[in-house]
Amino acid sequence: MDQLISNQFRAALTHLLAQEGRGAQARLSKQQDIDRGYLNAIVKGRKSGSEKIRSKIASHFDMAYEDVFVLGRRVLEQAESSAANSENQTFDVLTTAEPTPKNTNGDDAIDFKVPAKGEDGSSNIHTRILKTIEVLESETKYGDLLAGLIDAFHDSLNTKREKETIH
Numbered sequence: 278m279d280q281l282i283s284n285q286f287r288a289a290l291t292h293l294l295a296q297e298g299r300g301a302q303a304r305l306s307k308q309q310d311i312d313r314g315y316l317n318a319i320v321k322g323r324k325s326g327s328e329k330i331r332s333k334i335a336s337h338f339d340m341a342y343e344d345v346f347v348l349g350r351r352v353l354e355q356a357e358s359s360a361a362n363s364e365n366q367t368f369d370v371l372t373t374a375e376p377t378p379k380n381t382n383g384d385d386a387i388d389f390k391v392p393a394k395g396e397d398g399s400s401n402i403h404t405r406i407l408k409t410i411e412v413l414e415s416e417t418k419y420g421d422l423l424a425g426l427i428d429a430f431h432d433s434l435n436t437k438r439e440k441e442t443i444h
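Listed below in structure tokens is the structure:
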């Protein structure tokens, strides 16, 4: 049960931090007087966080303590649903996706097509990591978006692994 609560809280926290954007974790740590390492351990799932700390975090986001768990359940359900729908797709968008010219409405959005892997199923991880780092360090909205996507995919993967371990 404690693991379920911890996962729900972590999912909500990750979601809320992603919405606040770059530097959100540092701001939360400073404003609520929470050790940065301890907060990071909660975000990464290494610690569940005391009830006192979780209450501080909830108040930081102007949420009732119980509402954080409701949000966490929704985030996990959405991630689970997304993972089930995209289980057979390849998500190599970060390295080889090419913009398609479908977007003509004048905004900054870019539509991507998901590329297929090479015939042997291989991929150049080193190149992808370098490109990912470049985008994350760009201090643009694309870096913030990518950071949020990485967190969401990582959380979804961890949730899937935990479910497989339980079964």
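Each residue of the sequence shown is one higher than the last, beginning at 278 in this note's numbering. No residue lacks a Cβ here, since even glycine has one placed at the ideal position from N, Cα and C.
{"Query": "Spatially closest choice to Gln285 from Glu297, Lys408, Gly425, Glu357, by CA coordinates", "Result": "Glu357"}
{"Query": "Where Glu439 falls: helix, strand or coil (DSSP)", "Result": "helix"}
{"Query": "Option in Ile406, Asn401, Lys418, Asn317 with minimal Cα separation from Thr291", "Result": "Asn317"}
{"Query": "Closest residue to Lys440 among Leu348, Glu414, Asp344, Leu353 (Cα-Cα distance)", "Result": "Leu353"}
{"Query": "Selected residue, minimal CA-CA separation from Gln308, among Gly298, Leu293, Ser336, Ser327", "Result": "Ser336"}
{"Query": "Neighbourhood of Arg287 by C-beta distance below 6 angstroms, restricted to the same chain and skipping five residues each side", "Result": "Gly322"}
{"Query": "Inter-residue Cα distance where the pair is Val412 and Asp432", "Result": "20 angstroms"}
{"Query": "Outcome for Ala289 when other beta-carbon atoms lying within 10 angstroms are tallied against a minimum of 16", "Result": "buried"}
{"Query": "Rounded separation between Lys408 and Ile402 - CA only", "Result": "10 angstroms"}
{"Query": "Boundaries of the alpha helix (DSSP H) in which Gly314 is found, first to last residue", "Result": "313-321"}
{"Query": "Proximity winner among Lys333, Val320, Ile282, Arg331, relative to Ala429 (alpha-carbon distances)", "Result": "Val320"}
{"Query": "Where Lys324 sits in the DSSP three-state scheme", "Result": "coil"}
{"Query": "Exposed unless 16 or more other CB atoms sit within 10 angstroms - verdict on Ile334", "Result": "buried"}
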